[in-house]
Each structure stands twice: as C-alpha cells, then as structure tokens.
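For reference, the structure discussed in these notes is given below.
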Amino acid sequence: MEKDKPLLKVENVGIRFGGLRAVSNVNIELYSGEMAGLIGPNGAGKTTFFNMLTGVYVPTEGQIVLNGKQLNNLSPYKITRNGISRTFQNIRLFGELSVIDNVKVAYHSQAKHTLFSSILRLPSHFAGEREMEERATEFLKIFSLDRFKNEKAKNLPYGQQRRLEIARALAANPKLLLLDEPAAGMNPHETRELMNLIALIRERFDLTVLLIEHDMPLVMGVCERIFVLDHGQLIAEGTPAEIKNNPKVIEAYLGEEVS
Amino acid sequence: MAVFKQAKFFWSSIVISLVLFAVVQILITGGMLNLFYVNTLVFIAINIMLAVSLHLIIGITGQFSIGHAGFLAVGAYASGIITMKLEMPFISALIIGGIVAAIAGFIIGFPSLRLKGDYLAIATLGFGEIVRILFLNLDYVGGASGMQVNHLTTWPWVFGCMLVAILVIVNFTNSTHGRACISIREDETAADAMGINTTYYKVTAFVIGAFFAGVAGGLYAHNFYIIQPSNFGFLKSFDILIFVVLGGLGSLSGSVIAAILLTVISTFLQDYPETRMIIYSLVLIVVMLYRPQGLMGTKEITSVFSRGQKLKGGKKDGKGQTVA
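Sequence lines, in order, name chains A and B. The numbering of the first sequence is our numbering, which starts it at 234 and goes up by one. The numbering of the second sequence is our numbering, which starts it at 206 and goes up by one.
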C-alpha cells in the first residue's frame, strides 16, 4: 500500500462520560505494516481510546475509518470482522475452555458450517470442525503453545496466558492488532520473550500493530512511531528519539520544571 | 481425530439409549412395572428435558434465567388447546407447543438478554409470573379452575422427546456454535472482541431452551387430566433451576443425574408428607455444603469414562514436550 493512504484514520475522536471528557480531539493515522506505540501517564485515556477503536464505547465525536470503511457505531463483533482485533489489559481468556478451543472461538466467524448442520451432524459439520481443529493446531505451533493444546486456558502460567491471548487475537485474522499493556505483570525474562514474539508476529503476519505499554525499554525498542496521550489529548507524536526529548512529554510524566 | 471420536461416541450413545428404552418398554408391556413406576419414569424424563433445556441457557451460555416454568406453561397450554379445542393429533400439539414457547422465548429474550446477571434473573422471573397470571385470567383456558386435558403422554413419547432434546443440545454444545455460547459465559466482552455475535447466540440458546421446555410442557399437560396455572408458579422454576445448579453448572450429565435423583427422592418422599420438604431441603443443603460446584462440577460423565484413554494421550504429549 502507498504511504499516503493510511490503514487507520482517526479524526477528531472524543468521548464524554456525562460531564467528563475522557478523550478529545485525537487524530491518528496508522499506515499498513507500521508498529506504533501509545503511551501516557495513568488515566490519560489510552484504554478508553482502545475501547473506542474496538466498539466497546461509541465515540461521541469524530470518526474512525479503517481501510476506507467507517467503523464508529458498529458493534464490537462487526469491528473485529472488519479487521481490528485486540488483547486486554487484564487477561480475558475463556478460562474453562481448552487452549485450542480459545483459538477456535476466534475462528468462529469464518466457520462455514451452519447451526442447522451442527445440530443434525451433517457431513459439513464434521468437515468444518476438522478443518478448524487442523488450522488451530497448526496455528498454536507457531506460538509453541501446541503442547498445552488440551489444557484449560486458566491453568496456563501467566506468561503463556498472555501469549495465548495474543495468539487468539491474531487468529481472528486482523489487519490491525491492538495490544493493551502486553508486558504488564511480566518479569524481565518474560518481557524479552514477548519482544521476540512481537518480532515473530511482524515477520509471519502482514499486519499493523498499535500497543499501549508502560515498559519504556519495550516501547522504545519495538515501536517505530509513538503517540503520547495526556488528559485525553494527544500531546506528541514521533519516533522514539523525538519522544524521549520532547519537553511536553517530559512534563506530562515528571511535572513542570520549577523556574 | 477428536471429531472422528465424537462421531463414534455419538452413535454408540444412541445405541445405548435405545437399548435402555427397549428394556423399559418390554417391562411395561410385560406388566412388570406398575403404573406408579411408569408414571415416575415419565416424570423423570420430563424433568430431564426441563433440566437440559435450562442447562443450555444457564450452564452453557451463562444467562441466569429463572422463569423457565413460564415456557413450560406456554407449551402446556398451547398443546392443550391444540388437542382439546382444535382436536388435532398429539404430535402436532407437542411441536406447536414447542414452537409457541420458542416464540415466547424470542419475545422475552430479545430485549431482556441485554441485561446481565441479577437483572436478567429478575426480568425472567417477572416473565414467568406474567405467563401464570395471564393463564389465570384467560377464561378460554379455564382460568383458575384449569383446563381439562386428555391423558396422552406415554413412555415412548416422553423417551423420544427426551432423546431428541438431549441430542440437539449435545450436538449444539459440541460445535463451534456451542463454543461461541461458552465463550459468552466465560467472558462476554472478550467473546465480542473475537467476532462472536453475542446477542444472536444468547437469543438462540434461549429460543432452543424455550422450545424444549415447551415440548416438555406438552408432555407434562397430557400426563395429567387437568392443568392449572398454579402448577407453573415460580417454585416450579426453582425446581428446574435446582436440577441445573445441583448437577453442576455447565455439565449436561450433571443436570440429568440431578433431575433423576431429585425426582426419585421427591416421589418417594410423598409417603411422608409432613417431613417431605424438610428432607428434600436437607439433601440440597448437604450436597451444596460438600460439593458447592455441583454433583459433576463442569465435567461430563463421558470424561470420567475416557480417563484411561486420556492418560495415554497425555503421556504421548509429554514425550513430544521433551523433544520440543
């Protein structure tokens, strides 16, 4: 895709909860294949912004356009089918389902067999389920999660749960992947593994990634472009080096300099 | 391979259940079972239908509905009207009873399934009461004194309907559609984010559950000579809820076992009317104290039987692990 045609275009987006303006006037453009980061102090509105992108909240102003299609007012599942998939700040796996079933749920919207054929156990049901099983098994191998295939998702160690959540989000076949604090609660070793995983994802899948993260070495290490939110406003945008030296960003994180 | 195993299991369980049916049928025709036992069996089968249909709504989809007796009532009255007022055959009464209950399920489910947890429970409880009061005030179906219905329910009818109900619900659960419902139970926000149309699946589960409750209502009505609105109060809803909770939320075999167990207990306690409710309640308290997750937890009876096979599979996986 040419550089001048963005994959995701967010124009003047904002949301109000009663009298509170959680996010306002955010303009972001993401290009295909880009790896971008979204940072900001606690309560800056980063997750709220993600929730607007994925349809959990409906923005009260502005518009969100993915690949030329307007997304605001669509329900979350339709937005996912249009190509935005996400992970959550606090892991939200389907705990009682097995690891492979978690991935299969993400495949559901691509399933060819109908409710009717499943209830009557028609051949198309068996064919569809078999295909899903094979695809999901292959998919889990990429993330080296296949050895936990039949384990309940809630029984996985923390790091592997994060891994599975990212795998599940990718199984939904997104064009844009949103990662909400993927390194939260991870030790340095797990964070390094996560960075490798993100590199692997970029290599194997053709997609654009936007991630929220507080772990600065991770953000600075993997992102090409960084957006900074503070009090619901976009205060800076640029390469990691630019962001590091931006006085507004330093002010947002550390407070104003006493003169 | 798992899918292939599923197909094999599917057919073998059908064969087993048909054998069970034949044995009971032979006992009945041979006159070895008296009317009391036959009636108990019929009652067990109807309760199993109610339990598995509510299991689909609560145990699988996680929507806490406590107005199930409402669907039972709708099915009972609809089928009663078909056989008594319109004088059509029993089979059409059962099917139409199911369909009318399913429509009721859709009408109540579509708006109220936006509610969550306690709020949905209150809304469905209200629905159950509305249905009861509606029939209480309808003179066409006899009001408070009830409607006379012929005794048409026999063992083959109940068994057939129960088998169909279980098969449909098992087949639904063990498919991508059932997984979609379970994902809603586990985490609705995440299910939504994975592209699952949560409203569609909640309503679908509700409608299928209501359909089989309606069919059960048809069988229930034609098992007595009279149906009255007082048979379908909220205590009836709680009876059904207890089957599902006691059996273990999320376990179909659990709700079947609980339905059998509790029906048998309450039937045999009829000889001691003074202490009946005390003993019944004590059984519930004891089970909940010692097995708060229900009799079966979330496990199915099939996983208990196939444990040996699973262990083998586990070892193989273990080998693969060390290589990797």
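Beta carbons are placed, not taken as given, at the ideal position from N, Cα and C, and that holds for glycine.
| Item | Value |
| --- | --- |
| In whole angstroms, give me the CA-to-CA distance for L339(B) and I387(B). | 34 Å |
| Using a Cβ cut-off of 9 Å, pull out every chain B residue sitting near L389(A), in sequence order please. | Those do not exist, as L389(A) stays about 14 Å from chain B at its closest Cβ, beyond 9 Å. |
| When you compare only the Cα positions, how much space is there between G455(B) and A485(A)? | 49 Å |
| Going by C-alpha to C-alpha distance, which of R319(B), R390(B), F295(B), N436(B) sits closest to L341(B)? | N436(B) |
| Is Y310(A) close to chain B, meaning its C-beta is less than 8 Å from at least one C-beta of that chain? | yes |
| Are I251(B) and G351(B) close, meaning C-beta to C-beta below 8 Å? | no |
| Can you tell me which of Y264(A), V291(A), Q394(A), L299(A) puts its alpha carbon nearest to the alpha carbon of A255(A)? | V291(A) |
| Would you please verify whether the beta carbon of L286(A) is less than 8 Å from any beta carbon of chain B? | no |
| Quick one: grab the DSSP three-state call for S308(A). | coil |
| Using a Cβ-Cβ cutoff of less than 8 Å, which residues in the same chain neighbour T280(A) once the five nearest sequence positions on both sides are dropped? | Q322, D413, I445 |
| Let me know if M237(B) comes out buried or exposed under the rule of 16 or more other beta-carbons within 10 Å of its beta-carbon. | exposed |
| Assuming G422(B) contacts A278(B) under a Cβ cut-off of 8 Å, what Cβ separation, rounded to an integer in Å, is found between them? | 6 Å |
| With a threshold of 6 Å on Cβ separation, who are the neighbours of Y405(B) within its own chain once the five nearest residues in sequence on each side are excluded? | none |
| Output, in chain order, the set of chain B residues within a Cβ distance shorter than 7 Å of M365(A). | T381 |
| Is the beta carbon of F381(A) sitting closer than 8 Å to the one on V332(A)? | yes |
| Does V373(B) have its Cβ less than 8 Å from a Cβ in chain A? | yes |
| Residues of chain D with CB closer than 7 Å to the CB of L397(A), please, in chain order. | Protein chains A and B are contained in the structure displayed, whereas chain D is not. |
| What does A385(B) reach in chain A if we use C-beta pairs closer than 8 Å? | V338, H341 |
| Just how far apart, CA to CA, sit D323(B) and L330(B)? | 10 Å |
| Looking only at C-alpha atoms, which of R384(B), L467(B), I249(B) sits nearest to M482(B)? | L467(B) |
| Using the C-alpha atoms, what's the distance from I253(B) back to Y477(B)? | 24 Å |
| Can the beta-carbon of W360(B) be found less than 8 Å from the beta-carbon of V449(B)? | no |
| Do you know offhand how far M453(A)'s Cα is from S265(A)'s? | 20 Å |
| Buried or exposed: where does L225(B) fall if 16 or more other Cβ atoms within 10 Å of its Cβ makes it buried? | exposed |
| Pull up the DSSP beta-bridge partners for R396(A), would you. | For R396(A), which the question treats as bridged, DSSP gives no partner whatsoever. |
| Over what stretch of residues does the alpha helix (DSSP H) that includes M428(A) continue unbroken? | 421 to 437 |
| Listed in chain order, which residues of the segment 241 to 264 of chain B have Cβ atoms closer than 8 Å to some Cβ of chain A? | none |
| Using the C-alpha atoms, what's the distance from T378(B) back to G227(B)? | Per the sequence shown, the amino acid found at residue 227(B) is Ala instead of Gly. So the alpha carbons of these two residues sit roughly 27 Å apart. |
| Would you verify that the beta carbon of M501(B) is, or is not, closer than 8 Å to some beta carbon of chain A? | no |
| If contact means a Cβ-Cβ distance below 8 Å, which residues of the segment 350 to 365 of chain A contact chain B? | S351, I352, L353, R354, H358, F359, G361, E362, R363, M365 |
| Pick helix, strand or coil for A417(A), following the three-state DSSP scheme. | coil |
| Exposed or buried, which one is A298(B) when buried takes at least 16 other CB atoms within 10 Å? | buried |
| Below 8 Å between beta carbons: does that hold for V408(B) and G314(B)? | yes |
| Which residues, taken in chain order from the segment 278 to 305 of chain A, show a beta carbon closer than 9 Å to some beta carbon of chain B? | T287, G288, V289 |
| Between H358(A) and S351(A), how many whole angstroms is the CB-CB distance? I'm expecting something under 8 Å. | 5 Å |
| Thinking just about the alpha-carbon of each residue, which of R496(B), L457(B), M493(B), G438(B) is nearest to the one in S258(B)? | L457(B) |
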